[in-house]
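See below for the structure under consideration.
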Amino acid sequence: EAGGNAILTSPAHQSGTDRLAEANREVRADHVINVQADEPLVTGGQIRALAGMLAAGAPMATLATPFQRAEDFRNPNQVKVVLAMTPPHRALFFSRSPLPFARDRQGEVDDAWVAANPCYKHLGLYGYRADLLERFATLPAGRLERIEKLEQLRVLENGYEIACTVTADPTIGVDTPEDAVKFEQWLGGA
Numbered sequence: 169e170a171g172g173n174a175i176l177t178s179p180a181h182q183s184g185t186d187r188l189a190e191a192n193r194e195v196r197a198d199h200v201i202n203v204q205a206d207e208p209l210v211t212g213g214q215i216r217a218l219a220g221m222l223a224a225g226a227p228m229a230t231l232a233t234p235f236q237r238a239e240d241f242r243n244p245n246q247v248k249v250v251l252a253m254t255p256p257h258r259a260l261f262f263s264r265s266p267l268p269f270a271r272d273r274q275g276e277v278d279d280a281w282v283a284a285n286p287c288y289k290h291l292g293l294y295g296y297r298a299d300l301l302e303r304f305a306t307l308p309a310g311r312l313e314r315i316e317k318l319e320q321l322r323v324l325e326n327g328y329e330i331a332c333t334v335t336a337d338p339t340i341g342v343d344t345p346e347d348a349v350k351f352e353q354w355l356g357g358a
């Protein structure tokens, strides 16, 4: 038995982060790490990376990993994150669209292009300082969040920074029935 406590939150919340803020009003943690159920291969190293960014003063933290395949880079269910160039990285933008857009190729990229031009997949893991988490819950969803359906854009739209560490740990996000099949195949071969 793993132990732990469950907290039932309001069904009226617009996002998982809003639910997390409500739960933390009861728990009262200084730092909160949100591991979403659609990221079943989370590692201890990834959680430690999030905790480390929070301990270093980041108001919010997340993870990214390089895309390996152009097919995944084009998939709107695999969220892209554009990072500042120098470590410690911070997220500049998140999108379901291929970012950066390869203008000289009219957006047509192949696996070789993706390998030569690192593009990052956002992993659905978040760390929050409690003060930002509570502030998040009071902010209205912004225009970009509503368009992309990505709650982390609310943070950027309101002028806060999101620290981001690049991880090489393998991950398989399960966002669609097709992803569930891939994950089950991976489990069978693991």
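Be aware that the sequence shown starts at 169, since it is given in the numbering used here, and climbs by one per residue.
Every residue, glycine too, gets a C-beta built ideally from N, C-alpha and C.
Owing to the predicted nature of the structure, the values given are computational and were not obtained by experimental measurement.
- Residue nearest to R311 within the set E325, D299, A298, L300 is E325 (criterion: CA-CA distance).
- Non-local beta-carbon contacts of Y294 in its own chain, meaning distances under 6 angstroms to residues more than five positions away in sequence, involve N202, T230 in chain order.
- Residue environment: M253 is assigned as exposed (fewer than 16 neighbouring CB atoms within 10 Å of its CB, all protein chains considered).
- When the five nearest sequence neighbours on each side are left out, the beta carbons in the same chain lying within less than 6 angstroms of the beta carbon of A226 are those of A331, in order along the chain.
- The alpha-carbon separation between V210 and A219 amounts to approximately 14 angstroms.
- By the beta-carbon neighbour count (other beta carbons within 10 angstroms, threshold 16), N243 is buried.
- By the Cβ rule, the stretch 192-202 does not count as touching the stretch 235-249, because fewer than three pairs are nearer than 8 angstroms.
- A direct Cα-Cα distance of roughly 14 angstroms separates I340 from Q214.
- In the DSSP assignment, the residues bridged to N202 are Y294.
- Short of 6 angstroms from the beta carbon of A232, and not among the five residues preceding or following it, lie these beta carbons of its own chain, in chain order: V249, Y288, H290, C332, V334.
- Residue burial annotation: Q320 is buried, with at least 16 other C-beta atoms found within 10 angstroms of its C-beta.
- Around the beta-carbon of P266, 16 or more other beta-carbon atoms lie within 10 Å, marking it buried.
- Taking the Cβ atoms as the reference, R258 lies roughly 5 angstroms from E329, within the contact range of under 8 angstroms.
- In this chain, M228 is not harboured by any alpha helix (DSSP H); it is covered by the beta strand (DSSP E) spanning 228-234.
- Excluding its 5 nearest sequence neighbours in each direction, N173 has no C-beta neighbour in its own chain below 8 angstroms.
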